[in-house]
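A.B. asks:
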Ligand SMILES: [Zn+2]
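Residue numbers (the numbering used here): 37 to 258.
#1: What separation, rounded to the nearest whole angstrom, lies between the Cα atoms of residue 210 and residue 218?
#2: How big is the Cα-Cα spacing for residue 54 and residue 173?
#3: Should residue 109 go down as buried or exposed, given a rule of 16 or more other Cβ atoms within 10 Å for buried?
#4: Kindly indicate which three-state DSSP category residue 141 falls into: helix, strand or coil?
#5: Use the C-beta contact count for residue 131: other C-beta atoms within 10 angstroms, 16 or more gives buried, fewer gives exposed.
#6: Residue range of the alpha helix (DSSP H) that residue 255 falls in?
#7: Could you tell me which of 126, 235, 215 and 95 sits nearest to residue 199, measuring between CA atoms?
#8: Using C-beta distances below 8 Å, list every residue in its chain close to residue 64, excluding the 5 sequence neighbours before and after it, in chain order.
#9: Following the continuous beta strand (DSSP E) through residue 174, name the residue where it begins and the one where it ends.
#10: Can you list, in chain order, the residues of its chain with a C-beta nearer than 6 Å to that of residue 46? Leave out the 5 residues immediately preceding and following it.
#11: Could you check if residue 237 belongs to the surroundings of ligand 1, using beta carbon to heavy atom distance under 7 Å?
#12: In angstroms with no decimal places, state the Cα-to-Cα distance between residue 206 and residue 155.
#13: Are residue 220 and residue 201 closer than 8 Å when you measure CB to CB?
#14: To the nearest angstrom, report how far apart residue 184 and residue 212 are at their CA atoms.
#15: Could you check if residue 126 is buried or exposed, using at least 16 other CB atoms within 10 Å of its CB as the buried criterion?
#16: To the nearest whole angstrom, what separates the beta carbons of residue 222 and residue 75, a pair I think is in contact under 8 Å?
#17: Please go through the same chain and pick out, in chain order, the residues whose beta-carbon is closer than 7 Å to the beta-carbon of residue 96, but skip the five residues on each side of it.
#18: Helix, strand or coil: how does DSSP classify residue 40 here?
#19: Less than 8 Å separating the beta-carbons of residue 189 and residue 116?
#20: Could you give the residue range of the beta strand (DSSP E) that holds residue 200?
#21: Could you give the C-beta distance for residue 166 and residue 208, rounded to a whole number, given that I count them as a contact under 8 Å?
#22: When burial is assigned at 16 or more other CB atoms within 10 Å of the CB, is residue 247 buried or exposed?
#23: With distances taken Cα to Cα, identify the nearest neighbour of residue 78 among 141, 231, 88 and 224.
#24: Scan the stretch 50–136 and note each continuous alpha helix (DSSP H) run of 4 residues or more that stays entirely inside, going in chain order.
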C-alpha cells in the first residue's frame, strides 16, 4: 500500500480535496451545491486531475480488492460512470493489466435524462466492450449509492455482468455494500447530508458556508 486510510485522509486534506468537521460548533460546516448541509466535503476533481496521486489510489484499491478476496484475473474490464470515475476506471484497468498482463478494457457510461428518469448509457464502442464481459465497478465517491445502481443497470442492459465489488476513493454513504456489491474504499467515512431545517450543526450554532470559497475558514483553528 502507498498509504493507509489515515494517510489518504491527510493527503486529500493537503490537496484541499477533503474536509471533515471535527464536532466543534465554532467551526463552520459545508453548504453543498444542492442547498443541503453536511459535516464533510470531498472534491474528487482535485484528486482525479492529479495523475500521480490517482496512480497510487488505483494501486491501493487493487491491493485492498485482493485482500478482500477479489480476483483481478476475473476482471475483463473496469466500468466507472462519467465523468467523475472515467479516469479512475482507466487507471484501475491499467493496474490490472500491469499485474495480469491480460487485456483489461475500461468503459464509462454517461448520464442521460429520459422523461425525468436518470440512467447511464454506454456509447457504441463501450457497449461492444461490455457486452458478454465480467467487469469490475468503480466510482470516485459514493454518496448515496444511486449512481452505482445505475452503473449496474447499464452493464446489465448491454449484456455484461458486474463483479460483487465496487472500488471507490471515498465512501461517505455509511453503507458497506450496494445491491450485493461490497464497497472497497481508500477512505470510509460517513458524511451525512441534511436539509438546513434538520441540520444538527446549525442547531449547535455552526455556520453553513460554501466549502470551495471558504477552505481557510473551514480548516482554521477554533
Ligand atoms: Zn447546517
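Don't be surprised by glycine CBs; every beta carbon is placed ideally from N, CA and C.
C.D. replies: Considering the structure as presented:
#1: 12 Å
#2: 23 Å
#3: exposed
#4: Strand.
#5: buried
#6: 251–255
#7: 215
#8: 242, 243, 244, 245, 250, 253 and 254
#9: 170–178
#10: none
#11: yes
#12: 22 Å
#13: yes
#14: Computed Cα separation, rounded: 13 Å.
#15: buried
#16: Going by Cβ atoms, the distance from residue 222 to residue 75 rounds to 19 Å, so no, they are not a contact pair.
#17: 37, 38, 39 and 222
#18: Residue 40 falls in the coil class under three-state DSSP.
#19: no
#20: 197–207
#21: Between residue 208 and residue 166 the Cβ distance is about 27 Å, and since that is not below 8 Å, they are no contact.
#22: Per the 10 Å Cβ criterion, buried.
#23: 224
#24: The stretch 50–136 contains these whole alpha helix (DSSP H) runs: 80–84, 87–103 and 122–136.
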